[in-house]
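Colleague:
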Amino acid sequence: MLKFATRVQSLKSSSIMEISAKAQELKLKGFDVISLAAGEPDFNTPEAIQKAATQAMAEGITRYTPAPGFLALREVIAEMVTRENGYEVSPEEVTIVSGAKHGIYLTLQCLLEPGEAVLVPTPAWVSYSPMVDLTGAHIIPLPLFEEDGFRPNVDRWKGLAIPPNAKGIIINSPNNPTGVVYTKEDLTRLVSWALQRNLWILSDEIYEKILYDGATHTSVGALGPEAKNCTVTVSGFSKSYSMTGWRLGWTIAPK
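Pasting the structure below:
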């Protein structure tokens, strides 16, 4: 009989994935279902991307890649982030991962020790919690309030006791589940607050291209060298390019 390791015995299945599976099951039975479960575009991967992938496979690009990913891909991502996000990124700082979630998991495994804590403004994406649990660390929630438009307000946290075992903070903008896009001023105050407490930052920017009503995205790495040097940025192709099933993402971290 297989016995699960202690670190996974308390894990629960993803409620989002359970609802998504149920929605898919009903669709296959002919029901007209509007699924509000997983964060997934309702159209397929663009044809140009499909054709490029098919061509690459036909040309034999099907073998192992270097551990951090193809250099050509990392160069393109570095150029794109430098151009569009407003801060200098080199290919050596980019690592290709199996989706942004995988990038977050690996980052947490690399940065957290058992017994430590990571701060998470809440409400937050449900998957942060089990990924932190798997490191042996735990989450300390930083409450966000509706009257603030669910924006981070560091003045609200002055009375919170931040223990010395808190080592990092996860920032997610544009935010899941609130949809709020933090302004540059929001992020500047939040990052300054984090740096004053010697926290590393995990910046989850997977929704950076999904913007409405004139909102603009600000990357944490663009807030200056000090912010960039203590930040791991995670993003990917899933949301912006409707490539959820491809499981392709990247991290940007100091060399």
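End of the sequence shown sits at 550 in the numbering used here; the numbers just go up one at a time, nothing left out.
We put the CB at the ideal spot given by N, CA and C, even for glycine.
Look at residue 355 and residue 514 and say whether their C-beta atoms are less than 9 Å apart.
Modeller: no
Colleague: If we count Cβ pairs, one from each stretch, closer than 8 Å, do we get three or more for the stretch 360 to 377 versus the stretch 484 to 501?
Modeller: no
Colleague: In angstroms with no decimal places, state the Cα-to-Cα distance between residue 441 and residue 349.
Modeller: 46 Å
Colleague: Looking only at its own chain, which residues have a Cβ that is under 8 Å from the Cβ of residue 457, when we skip the five neighbours before and after it?
Modeller: 414, 435 and 492
Colleague: Identify, in the order they occur along the chain, each residue of the same chain with its Cβ nearer than 7 Å to the Cβ of residue 353, setting aside the five sequence neighbours on each side.
Modeller: none
Colleague: Is the stretch 400 to 409 close to the stretch 534 to 541, with three or more CB pairs under 8 Å?
Modeller: no
Colleague: Rounded to the nearest angstrom, what separates residue 246 and residue 469 at their Cα positions?
Modeller: No information on residue 246 is available, as it lies outside the stretch 296 to 550 that the chain covers here.
Colleague: Taking the alpha helix (DSSP H) that residue 373 falls in, what are its first and last residues?
Modeller: 366 to 380
Colleague: Between the beta-carbon of residue 544 and the beta-carbon of residue 531, is there less than 9 Å?
Modeller: Judged by beta-carbon spacing, residue 531 lies within the 9 Å limit of residue 544, meaning their Cβ atoms are closer than that value.
Colleague: Which residues bound the beta strand (DSSP E) around residue 520?
Modeller: Unbroken run through residue 520 is the alpha helix (DSSP H), 520 to 524; no beta strand (DSSP E).
Colleague: To the nearest angstrom, report how far apart residue 340 and residue 387 are at their CA atoms.
Modeller: As the crow flies, the alpha-carbon of residue 340 is around 28 Å from that of residue 387.
Colleague: What is the DSSP secondary structure of residue 486, reduced to helix, strand or coil?
Modeller: helix
Colleague: Report yes if the CB atom of residue 452 is closer than 9 Å to the CB atom of residue 437, and no otherwise.
Modeller: A contact, by the Cβ cut-off of 9 Å.
Colleague: What are the residues that DSSP puts in a beta bridge with residue 528?
Modeller: 498 and 547
Colleague: Who are the near neighbours of residue 418 in its chain, counting only those whose CB is closer than 8 Å to its CB and skipping five residues on each side?
Modeller: Within the same chain, and ignoring the five residues on either side of residue 418 in sequence, the residues whose Cβ sits closer than 8 Å to its Cβ are 439, 445, 472 and 473.
Colleague: Have a look at residue 410 and residue 422 and give me their C-alpha separation to the nearest angstrom.
Modeller: 19 Å
Colleague: If distances are taken between C-alpha atoms only, which option among 443, 524 and 479 comes closest to residue 512?
Modeller: 479
Colleague: Pull the bridge partners of residue 511 from the DSSP assignment, please.
Modeller: DSSP lists no partner for residue 511.
Colleague: Which residue or residues does DSSP assign as beta-bridge partners of residue 413?
Modeller: 434 and 463
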